[in-house]
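Undergrad: Encoded as structure tokens, here's the structure I'll be asking about.
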Amino acid sequence: MVTFIKILIASIFVGILAVFWNRSSFDPESLRGARVLVTGASSGIGEQMAYHYARFGAKIVITARRKKILEKVIEKCLSLGAQEAFYVSADMSNETDPENVVDFALEKLGGLDYMVLNHVGKSGFAMWNGDVDHIRWLMKPNFFSYVQMAWRALPSLEQSKGSMIVVSSMAGKMSNPFAAPYTATKCALNGFFGSLNHELAMKKSNVSISICTLGLIDTESALNAVRGIITTPAYPATEAALNIIITGATRQQELYYPWFTYVMNLTKDWFPSLTNHIIRNALNYNP
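When the letters of the sequence shown are read in order and numbered with my numbering, they come out as residues 83 to 369.
Shown next, in the form of structure tokens:
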């Protein structure tokens with residue numbers, strides 16, 4: 083038991099050290115005038131990213147489904163200092179909307195320096211009930227649209243030596259109960275963009291890919307989904323958003339937020355039984 087505690091403490095220390103060691107210096111001025119596309123920006127993390135980019139003086143295109151809310155976000159972005167700000171309403175489960183959004187951003191901004199893929203389709207937090215059609219649908223907004231947008235934006239990002247930022251989840255690194263469809267899409271996302279990152283590096287591409295692994299964030303949609311089920315604390319969306327932006331701006335390959343998600347990612351391989359125990363006991367469930 084003493085040996086186990088020592089190893090656990092050492093792993094936590096390694097996790098903290100890795101987080102700070104990989105944190106490159108961030109120059110806010112590097113984002114002034116940057117051309118940025120942010121998806122899923124009508125609320126939550128995407129909305130907060132839009133406001134941060136605006137404060138840094140970027141040129142922004144945002145997208146989500148709700149037109150009236152996007153109009154309000156754009157208004158606030160301009161008041162915060164965005165050099166330019168546009169919105170386009172889109173449904174990422176539609177086969178043509180993802181590419182149309184990229185085309186809109188390229189037309190309005192004249193190119194892209196950053197593309198932040200952050201949108202997500204609605205999925206319940208409950209035991210899987212055998213609904214295969216829901217998983218098939220969820221793959222469209224959560225995975226296939228990301229792939230479409232990546233391919234459409236790559237030529238412009240190559241020209242600008244730009245960055246692609248993929249907002250993922252701990253669910254893409256380790257399986258969780260009550261989230262089988264969501265977990266499947268995030269695993270697909272991590273696998274595809276991890277492979278694409280290798281391929282771009284082998285081709286000596288100018289484009290960087292940052293995959294952001296997030297824990298529970300205090301967005302309204304996330305809290306509503308897990309209320310009364312998950313006992314762990316949620317972390318602020320505005321802080322998560324800023325960390326995502328810094329990760330992309332400094333061209334880091336990975337972000338883990340909050341920091342202990344990195345430790346959990348390590349312990350799942352070192353102590354799988356313990357990790358499974360922690361995951362299951364963090365949930366209120368009575369069969």
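Even for Gly, the Cβ is constructed at its ideal location relative to N, Cα and C. Please read all numbers here as calculations on a predicted model, not as lab measurements.
According to DSSP, simplified to helix, strand and coil, what is Lys154?
TA: By 1-based counting over the sequence shown, the position of residue 154 is 72. Here Lys154 sits in helix by DSSP.
Undergrad: Taking the DSSP output, what are the residues bridged to Phe168?
TA: By 1-based counting over the sequence shown, the position of residue 168 is 86. Paired residue(s): Val143.
Undergrad: Just checking, does the segment 161-178 make contact with the segment 134-150 on the three C-beta pairs under 8 Å criterion?
TA: Counting Cβ pairs under 8 Å, three or more are found: they touch.
Undergrad: Count the other C-beta atoms from every protein chain shown that fall within 10 angstroms of the C-beta of His201, then say buried if there are 16 or more, exposed otherwise.
TA: One-based indexing of the sequence shown puts residue 201 at position 119. It counts as buried.
Undergrad: To which residues does DSSP link Ser251 through a beta bridge?
TA: Your numbering for residue 251 matches position 169 in the sequence shown. Looking at the DSSP assignment, Ser251 forms a beta bridge with Leu296.
Undergrad: Pro340: which of Gly122, Lys268 and Tyr317 sits nearest, CA to CA?
TA: Walking along the sequence shown from the start, residue 340 turns up at place 258. Minimum Cα distance to Pro340 is reached at Tyr317.
Undergrad: Quick one: what does DSSP say Ser290 is sitting in, helix, strand or coil?
TA: The residue labelled residue 290 in the question sits at position 208 within the sequence shown. Correct three-state label for Ser290: strand.
Undergrad: For Leu199, report the span of its beta strand (DSSP E) as first-last.
TA: Within the sequence shown, the letter at position 117 stands for residue 199. Segment Tyr196 to Leu199, the beta strand (DSSP E) holding Leu199.
Undergrad: Which partner residues does Ile312 have in the DSSP bridge list?
TA: Residue numbering aside, residue 312 sits at position 230 when the sequence shown is read from its first letter. BP columns for Ile312 point to Leu365.
Undergrad: Where does Val84 land, buried or exposed, given buried means 16+ other C-beta within 10 angstroms?
TA: Numbered from 1 along the sequence shown, position 2 holds the residue referred to as residue 84. Only weak support is given to the placement of Val84: the predicted model assigns it a pLDDT of 47, under 50, and the question is left unresolved by the model.
Undergrad: Under 8 Å by Cβ, that's how I've got Ser171 and Gly203 pegged, so tell me the actual separation to the nearest angstrom.
TA: Walking along the sequence shown from the start, residue 171 turns up at place 89. Walking along the sequence shown from the start, residue 203 turns up at place 121. Actually they do not touch by this definition, with Cβ atoms about 16 Å apart.
Undergrad: Please identify the residue among Trp233, Pro263, Val120 and Arg114 whose C-alpha is closest to the C-alpha of Gly212.
TA: Position 130 of the sequence shown, counted from the start, is the residue given in the question as residue 212. It is Pro263.
Undergrad: Leaving out five residues before and five after Ser242 in sequence, what residues of the same chain have Cβ atoms less than 7 Å from its Cβ?
TA: Taking the first residue of the sequence shown as 1, we reach residue 242 at position 160. Same-chain partners within the cutoff: Gly193, Leu194 and Asp195.
Undergrad: Taking Cβ to Cβ, would you say Gly139 is nearer than 8 Å to Arg117?
TA: Position 57 of the sequence shown holds residue 139. Position 35 of the sequence shown holds residue 117. Not a contact, by the Cβ cut-off of 8 Å.
Undergrad: Is the beta carbon of Arg333 sitting closer than 8 Å to the one on Ser245?
TA: Here residue 333 refers to the residue found at position 251 when the sequence shown is read from its first residue. Here residue 245 refers to the residue found at position 163 when the sequence shown is read from its first residue. Against a cut-off of 8 Å, the Cβ pair of Ser245 and Arg333 comes out as a contact.
Undergrad: State yes or no: is the C-beta of Ser124 within less than 8 Å of the C-beta of Leu152?
TA: Here the question's residue 124 lines up with position 42 in the sequence shown. Here the question's residue 152 lines up with position 70 in the sequence shown. Closer than 8 Å, so yes.
Undergrad: Using beta-carbon positions only, say whether Val184 and Arg234 come within less than 8 Å of one another.
TA: Along the sequence shown, one-based indexing puts residue 184 at 102. Along the sequence shown, one-based indexing puts residue 234 at 152. The answer is yes: Cβ separation under 8 Å.
Undergrad: Quick one: any contact between the segment 214-231 and the segment 287-302, if contact means 3 or more CB pairs under 8 Å?
TA: Too few Cβ pairs lie closer than 8 Å, so no.
Undergrad: Going by beta-carbon coordinates alone, are Ala331 and Leu278 separated by less than 8 Å?
TA: Translated into the one-based positions of the sequence shown, residue 331 becomes position 249. Translated into the one-based positions of the sequence shown, residue 278 becomes position 196. Cβ atoms of Ala331 and Leu278: not closer than 8 Å.
Undergrad: When you compare each of Thr178, Val345, Ala208 and Cys159 to Thr265 by their alpha carbons, which one comes out closest?
TA: For the purposes of this step, residue 265 is identified with residue 183 of the sequence shown, where counting begins at 1. The residue with the shortest Cα to Cα distance from Thr265 is Ala208.
Undergrad: Quick one: Cα of Asn358 to Cα of Phe186, how far?
TA: In the sequence shown, the residue the question calls residue 358 occupies position 276. In the sequence shown, the residue the question calls residue 186 occupies position 104. Computed Cα separation, rounded: 44 Å.
Undergrad: In whole angstroms, what separates the C-alpha of Ile144 from that of Lys158?
TA: Position 62 of the sequence shown holds residue 144. Position 76 of the sequence shown holds residue 158. Approximately 12 Å between the Cα atoms of the pair.
Undergrad: Please classify Gly273 as buried or exposed, where buried requires at least 16 neighbouring CB atoms within 10 angstroms.
TA: As a first step, residue 273 must be located in the sequence shown, where it is residue number 191. So Gly273 ends up on the exposed side.
Undergrad: Could you pull the start and end residues of the beta strand (DSSP E) that Leu239 belongs to?
TA: Taking the first residue of the sequence shown as position 1, residue 239 is located at position 157. Taken as a continuous stretch (DSSP letters only), Leu239 belongs to no beta strand (DSSP E), being part of the alpha helix (DSSP H) at Ser227 to Ser242.
Undergrad: Grouping DSSP H, G and I as helix and E and B as strand, with all else coil, what is Ser205?
TA: Position 123 of the sequence shown holds residue 205. Correct three-state label for Ser205: coil.
Undergrad: Does DSSP classify Thr121 as helix, strand or coil?
TA: Walking along the sequence shown from the start, residue 121 turns up at place 39. Strand at Thr121.
Undergrad: Closest Cβ-Cβ distance between Tyr317 and chain D: below 8 Å?
TA: Structure shown: chain D not included; a single protein chain is present.
Undergrad: Would you call the CB atoms of Ala319 and Asp300 closer than 8 Å?
TA: Here residue 319 refers to the residue found at position 237 when the sequence shown is read from its first residue. Here residue 300 refers to the residue found at position 218 when the sequence shown is read from its first residue. Yes; because the gap between Cβ atoms is below 8 Å, this pair is in contact.
Undergrad: Going by beta-carbon coordinates alone, are Phe168 and Lys190 separated by less than 8 Å?
TA: By 1-based counting over the sequence shown, the position of residue 168 is 86. By 1-based counting over the sequence shown, the position of residue 190 is 108. Result yes, Cβ atoms of Phe168 and Lys190 sit closer than 8 Å.
Undergrad: Once you ignore the five residues that flank Leu160 on each side, which residues in its own chain have a CB closer than 8 Å to its CB?
TA: Your numbering for residue 160 matches position 78 in the sequence shown. Cβ within range, chain order: Ala136 and Ala167.
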